[in-house]
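Q:
Protein chains: 2
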Amino acid sequence: MPDLSHYGEEAVVARLTTLLEAGPGILTGPGDDCAVVEGGARGEAELLKTDCLVCNVHFLPEDAPGKVGWKAIARTLSDFAAMGGWPRHLLVTLAVPPSCEMRWAEQLYRGMNKCARAYDCSIVGGETSSVPAGAPVMISVAGTGTARRSQVILRSGGRPGDLLFVTGRLGGSLRGSHLTFTPRLLEANWLVRNFTLHAMMDLSDGLARDLPRLAAASGCGVLLEKDSLPRSRGVTIEQALCDGEDYELLFAVSARTAKRLVPEWRGQFPDLPLSLIGSLTADQQPGLSGGWDHFGG
Amino acid sequence: MPDLSHYGEEAVVARLTTLLEAGPGILTGPGDDCAVVEGGARGEAELLKTDCLVCNVHFLPEDAPGKVGWKAIARTLSDFAAMGGWPRHLLVTLAVPPSCEMRWAEQLYRGMNKCARAYDCSIVGGETSSVPAGAPVMISVAGTGTARRSQVILRSGGRPGDLLFVTGRLGGSLRGSHLTFTPRLLEANWLVRNFTLHAMMDLSDGLARDLPRLAAASGCGVLLEKDSLPRSRGVTIEQALCDGEDYELLFAVSARTAKRLVPEWRGQFPDLPLSLIGSLTADQQPGLSGGWDHFGG
Numbered sequence: 001m002p003d004l005s006h007y008g009e010e011a012v013v014a015r016l017t018t019l020l021e022a023g024p025g026i027l028t029g030p031g032d033d034c035a036v037v038e039g040g041a042r043g044e045a046e047l048l049k050t051d052c053l054v055c056n057v058h059f060l061p062e063d064a065p066g067k068v069g070w071k072a073i074a075r076t077l078s079d080f081a082a083m084g085g086w087p088r089h090l091l092v093t094l095a096v097p098p099s100c101e102m103r104w105a106e107q108l109y110r111g112m113n114k115c116a117r118a119y120d121c122s123i124v125g126g127e128t129s130s131v132p133a134g135a136p137v138m139i140s141v142a143g144t145g146t147a148r149r150s151q152v153i154l155r156s157g158g159r160p161g162d163l164l165f166v167t168g169r170l171g172g173s174l175r176g177s178h179l180t181f182t183p184r185l186l187e188a189n190w191l192v193r194n195f196t197l198h199a200m201m202d203l204s205d206g207l208a209r210d211l212p213r214l215a216a217a218s219g220c221g222v223l224l225e226k227d228s229l230p231r232s233r234g235v236t237i238e239q240a241l242c243d244g245e246d247y248e249l250l251f252a253v254s255a256r257t258a259k260r261l262v263p264e265w266r267g268q269f270p271d272l273p274l275s276l277i278g279s280l281t282a283d284q285q286p287g288l289s290g291g292w293d294h295f296g297g
Numbered sequence: 001m002p003d004l005s006h007y008g009e010e011a012v013v014a015r016l017t018t019l020l021e022a023g024p025g026i027l028t029g030p031g032d033d034c035a036v037v038e039g040g041a042r043g044e045a046e047l048l049k050t051d052c053l054v055c056n057v058h059f060l061p062e063d064a065p066g067k068v069g070w071k072a073i074a075r076t077l078s079d080f081a082a083m084g085g086w087p088r089h090l091l092v093t094l095a096v097p098p099s100c101e102m103r104w105a106e107q108l109y110r111g112m113n114k115c116a117r118a119y120d121c122s123i124v125g126g127e128t129s130s131v132p133a134g135a136p137v138m139i140s141v142a143g144t145g146t147a148r149r150s151q152v153i154l155r156s157g158g159r160p161g162d163l164l165f166v167t168g169r170l171g172g173s174l175r176g177s178h179l180t181f182t183p184r185l186l187e188a189n190w191l192v193r194n195f196t197l198h199a200m201m202d203l204s205d206g207l208a209r210d211l212p213r214l215a216a217a218s219g220c221g222v223l224l225e226k227d228s229l230p231r232s233r234g235v236t237i238e239q240a241l242c243d244g245e246d247y248e249l250l251f252a253v254s255a256r257t258a259k260r261l262v263p264e265w266r267g268q269f270p271d272l273p274l275s276l277i278g279s280l281t282a283d284q285q286p287g288l289s290g291g292w293d294h295f296g297g
């Protein structure tokens, strides 16, 4: 049987998750931005998420450790935003070679704590482990959160004719924003409280990979208006599609909802663009190409 | 500032966790087997835990992947046992080089699922990430669980005069049991339902390291009767103290509780030894030496 690079990330995840048996209390299992399980107060669901950063994959040895810490937490928080929820408690696993400097680790933790506190959640524990000398630093963050059950937004609820929106600007994240981005918790929570969203996710691997995921989960095709993509300064359409690590929201709403949403968004978040980038269609069509594949398949 | 190997694991964890700010809803933060937070049904608390395995640290490339998967889950479950709780939902992060074989990953997942189902909990999601070629496989498992608030057992509740017990036999785990051990969930839950335990933890780094942690958390010293240590076949006292990865329970109870507990244990778990190994004292004394230090300080 070949190695994982032969399959590509999508197929690896699909094969492995089919080996897991569902159990009681699971409302949404593997495949969305967070798992959704029963729990919490009446009318609420618990959200569960884990995410990791690997040195030389998600950050570089020379990156400021405080920013790496911010990113480690913000990536996870972005997934809670994508579900329409809010994070609550976080656990951090730090796997480092013994040569890791204490100052680096401390600044990493300061950055993590800063991001957690900025969004009113707490790091409540974790683990440190050694890795063999020469192995990369790895930071794994797991979190719990909550959402109103009626406001949990999955990737799979999109419908043909829905309009597709993205927040912010896409592309060029490697110039720095991949370490300092704002998880769109405030925006997502405002959206789910005030509008009926059909589907939502955060953009971590690039629109070219992530949009087909949302469309496939919804059983729809996509009509993408590439010229409408909100681009970071100096970035080509191709880069906006494929760079990845934007951590902006992608969501689908009915045309009727969109009509009310767009002007209200402008009033609520005047400094953050909201762009109509296309629509979901009834005919499934081949996915867009590009974006980030963890196993290079 | 020196690197982490200069400090040793205990000091690393202590320094890093002081950088974290406490938030609302946290009943027990970093430093115990699980974090304890508000949540769940009335009278219950939510337990949170994360734990990781690194290739060439916690398992070897030639180990059977199904057993590695069992261990990855069982280690985390053992921490829920140590709190007097029960696991509920688990998240798995698998970080592997692209050369990892699909068969290996599948057998790993089968082993993880087998262990989760054996203890009535579920893997509800996770993440796969690539690591650079040559870097070790890393498996991080995060979990949520529940416990009766009145039955959560911390490391810190021990009192001078308490008697110390361990389950099972210690030492020699590298001969195989470190991959196939039984997390003591049934035993711990029986204990907390039927007896007043003052302190409990699971033995992951060896009694020589773990017992002083429990004693220190309880503000006590230790009188250890080394000749009373329950040893695996062919194992020296030194090995029973220092090998680590026993994943047995260590707990402290009053002498009065012990008198009732010991005969009832024999009736309930006739095949699993329960051994009195010493007591907590009022005078703090120097820790035992040996055991496993992740940063070799």
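Respectively, the protein sequence lines represent chains A and B.
Residues in the first sequence are numbered from 1 upward in steps of one, following this note's numbering.
Residues in the second sequence are numbered from 1 upward in steps of one, following this note's numbering.
Just so it is clear, CB atoms sit at the ideal spot from N, CA and C, and this is done for glycine as well.
So what does DSSP say about residue 246 of chain A, is it helix, strand or coil?
A: Of the three classes helix, strand and coil, the one that applies to residue 246 of chain A here is coil, per DSSP.
Q: Closest Cβ-Cβ distance between residue 126 of chain A and chain B: below 8 Å?
A: So, interface residue.
Q: Starting from the Cα of residue 87 of chain A, find the closest Cα among A/124, A/60, A/62 and give me that residue.
A: Considering only alpha carbons, the answer is A/124.
Q: Excluding five sequence neighbours on each side, which residues of the same chain lie with their C-beta closer than 8 Å to the C-beta of residue 100 of chain B?
A: Cβ neighbours of residue 100 of chain B beyond the five flanking positions: 137.
Q: How far does the alpha helix (DSSP H) with residue 180 of chain B in it extend, from its first residue to its last?
A: Looking at the DSSP string, the run of the alpha helix (DSSP H) that includes residue 180 of chain B is 177-180.
Q: Any idea what DSSP makes of residue 277 of chain B, helix, strand or coil?
A: Strand at residue 277 of chain B.
Q: Would you mind giving the Cβ-Cβ distance between residue 33 of chain B and residue 83 of chain B, rounded to the nearest angstrom? I have them listed as a contact below 8 Å.
A: Residue 33 of chain B to residue 83 of chain B, Cβ: 5 Å. Contact.
Q: Given that residue 100 of chain A touches chain B, what residues does it touch there, using C-beta distances under 7 Å?
A: Under the 7 Å cutoff, chain B gives 3, 4.
Q: When you compare the CB of residue 51 of chain A with every CB in chain B, is at least one pair closer than 8 Å?
A: By this cut-off, residue 51 of chain A is an interface position.
Q: So the beta strand (DSSP E) residue 87 of chain B belongs to, where does it begin and stop?
A: Segment 86-96, the beta strand (DSSP E) holding residue 87 of chain B.
Q: For the beta strand (DSSP E) that contains residue 31 of chain B, what are its first and last residues?
A: Here residue 31 of chain B belongs to no beta strand (DSSP E), and DSSP marks it neither H nor E.
Q: Buried or exposed, going by whether 16 or more other CB atoms sit within 10 Å of the CB of residue 160 of chain B?
A: Counting Cβ neighbours within 10 Å, residue 160 of chain B comes out exposed, since fewer than 16 surround it.
Q: What are the start and end residues of the beta strand (DSSP E) that includes residue 223 of chain A?
A: Here the beta strand (DSSP E) through residue 223 of chain A covers 221-224.
Q: Quick check on the burial criterion: 16 or more other C-beta atoms within 10 angstroms. Buried or exposed for residue 50 of chain B?
A: Answer is buried; the Cβ neighbour count reaches 16.
Q: Please decide whether residue 305 of chain B counts as near chain A, where near means a Cβ-Cβ distance under 8 Å.
A: A query on residue 305 of chain B cannot be resolved here, the shown segment of chain B reaching from 1 to 297 and no further.
Q: Assign residue 40 of chain B to one of three DSSP states: helix, strand, or coil.
A: Correct three-state label for residue 40 of chain B: coil.
Q: Mind checking which residues open and close the alpha helix (DSSP H) that includes residue 73 of chain B?
A: Unbroken alpha helix (DSSP H) run through residue 73 of chain B: 65-82.
Q: For residue 342 of chain B, count neighbouring C-beta atoms within 10 Å of its own C-beta (all shown protein chains included) and say buried if the count is 16 or more, exposed if not.
A: Absent from the structure is residue 342 of chain B, since the part of chain B shown begins at 1 and ends at 297.
Q: Output the distance between the C-alpha atoms of residue 230 of chain A and residue 37 of chain A, rounded to the nearest integer angstrom.
A: Going from the Cα of residue 230 of chain A to the Cα of residue 37 of chain A covers about 35 Å.
Q: If you follow the alpha helix (DSSP H) that residue 102 of chain B is part of, which residue opens it and which one closes it?
A: Start and end: 102-118.
Q: Using 8 Å as the cut-off, can you tell me whether the segment 267-285 of chain B makes contact with the segment 213-226 of chain B, which would need three or more C-beta pairs spanning the two stretches below that distance?
A: Yes, the segment 267-285 of chain B touches the segment 213-226 of chain B.
Q: Tell me which residues share the same chain as residue 243 of chain A and place their Cβ nearer than 8 Å to its Cβ, disregarding the 5 neighbours each side in the sequence.
A: The residues are 170, 171, 172, 173, 174, 206, 235.
Q: Which chain A residues are close to residue 9 of chain B, counting only those with a beta carbon under 7 Å from its beta carbon?
A: By Cβ distance, chain A contributes 128.
Q: Counting only beta-carbon atoms, is residue 13 of chain B nearer than 8 Å to chain A?
A: Yes - at least one Cβ of chain A is within 8 Å of the one on residue 13 of chain B.
Q: Leaving out five residues before and five after residue 143 of chain B in sequence, what residues of the same chain have Cβ atoms less than 6 Å from its Cβ?
A: Here the set comprises 49, 76, 87, 90.
Q: Return no unless some Cβ of chain B is closer than 8 Å to the Cβ of residue 192 of chain A.
A: Cβ-Cβ to chain B under 8 Å: no for residue 192 of chain A.
Q: Would you list, in chain order, the members of the segment 89-120 of chain B that have their beta-carbon closer than 7 Å to a beta-carbon of chain A?
A: Here the close residues are 89, 91, 93, 95, 96, 98, 99, 100, 101, 102, 103, 105, 106, 109, 110, 113, 117.
Q: Between the Cα of residue 120 of chain B and those of A/246, A/252, A/21, A/10, spot the shortest distance and give me the residue it belongs to.
A: Taking only the C-alpha atoms, the option nearest residue 120 of chain B is A/21.
Q: Assuming residue 248 of chain A and residue 167 of chain A form a contact by the criterion Cβ under 8 Å, report the distance between their Cβ atoms to the nearest whole angstrom.
A: About 5 Å; that satisfies the 8 Å criterion.
Q: When burial is assigned at 16 or more other CB atoms within 10 Å of the CB, is residue 116 of chain A buried or exposed?
A: Classification of residue 116 of chain A: buried, given that the 10 Å Cβ count is 16 or more.
Q: Could one say the Cβ of residue 164 of chain B lies closer than 8 Å to chain A's Cβ atoms, at least one of them?
A: Not one chain A Cβ lies under 8 Å of residue 164 of chain B.
Q: Based on the DSSP output, what are the partners of residue 9 of chain A in its beta bridges?
A: The partner list for residue 9 of chain A (beta bridge, DSSP) is empty, contrary to what the question assumes.
Q: With which residues is residue 142 of chain B paired in a DSSP beta bridge?
A: Answer is B/50, B/91, bridged to residue 142 of chain B.
Q: Kindly indicate which residue of A/60, A/45, A/241, A/126 has the alpha-carbon position closest to the one of residue 150 of chain A.
A: Comparing Cα-Cα distances from residue 150 of chain A to each of A/60, A/45, A/241, A/126, the minimum goes to A/45.
Q: Say whether chain B places a C-beta atom closer than 8 Å to the C-beta of residue 35 of chain A.
A: Cβ-Cβ to chain B under 8 Å: yes for residue 35 of chain A.
Q: Take the Cβ of residue 184 of chain A as the centre, count every other Cβ of all protein chains shown within 10 Å, and call the residue buried at 16 or more, exposed below.
A: With 16 or more other Cβ atoms within 10 Å, it is buried.
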